[in-house]
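Per my numbering, residue 7 is the first one in the sequence shown, and the count goes up by one each step.
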Amino acid sequence: MRKLENSELERKSIEDFKKSEKTPLILVLDDVRSLHNIGSVFRTADAFLIEKIYLCGITATPPNKEIHKTALGATETVAWEHNENVLDTIASLKQEGVLTLAIEQVENAVFLQNFEVKENQKYALVFGNEVHGVAQEAVAACDGCIEIPQLGTKHSLNISVSAGIVVWDLFQKIKWSN
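Put into structure tokens, the structure is as follows:
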């Protein structure tokens, strides 16, 4: 086996990315404090052609050199918007017919491996901050919750890791489920 060169990877230009059909996933980050986590989520969103990221509350916005450090230019490709209030963002998305899902450990959450995507449905995934997760009010406002099963002692993951896991799982279910 030979490791591929960057020139062999057929990467999209920024213009091609913006013109591409997007995966029907929207990411909502609420009060995420770490600029590196924000940048990492942008990079994941770029990798899987995510439609948009909403940065809510105190979540920092581009341009920012600390976000850029991990985003590596993904802030130029992935559409994003800042909204002060996550509850307003969730309500607006629901009015547009987007199914809103908190990624959190709650009663009656659906385990990620059991979550079934529906054809022609757009999803918004709500991620909370590094200390408290998704706020209870936001959990209550969402249409449902997905939980990433964890078997170790910590039962918590870094927000950028959680986003990567959930985005990959839903991406592959949407793109290759049949």
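Positions of the beta carbon are idealized from the N, C-alpha and C atoms, including for glycine.
Can you look up residue i in the DSSP assignment and give me helix, strand or coil?
i: F48; result: helix
i: K25; result: helix
i: N70; result: coil
i: D36; result: strand
i: L93; result: helix
i: L78; result: coil
i: E14; result: helix
i: L61; result: strand
i: L55; result: coil
Go ahead and label residue i buried or exposed: buried means 16 or more other beta carbons lie within 10 angstroms of its beta carbon, across all protein chains shown.
i: A110; result: The residue you asked about is not Ala; residue 110 is Glu in the sequence shown. Answer is buried; the Cβ neighbour count reaches 16.
i: D52; result: buried
i: D37; result: buried
i: T95; result: buried
i: F48; result: buried
i: V164; result: Note that residue 164 is Asn in the sequence shown, not Val. With fewer than 16 Cβ atoms within 10 Å of its Cβ, N164 is classed as exposed.
i: V116; result: exposed
i: E143; result: exposed
i: S166; result: buried
Exercise. Enumerated in chain order, which unbroken segments of the beta strand (DSSP E) with a length of 3 residues or greater are wholly contained in the region 98 to 176?
Worked result: 105 to 109, 129 to 133 and 150 to 153
Exercise. Does the region 118 to 128 come close enough to the region 160 to 178 to have 3 or more Cβ pairs within less than 8 Å?
Worked result: yes
Exercise. Does the pairing of the region 69 to 84 with the region 128 to 145 give three or more beta-carbon distances under 8 Å?
Worked result: no
Exercise. Within the chosen definition, does the region 59 to 75 reach the region 28 to 47 through at least 3 CB pairs nearer than 8 Å?
Worked result: yes
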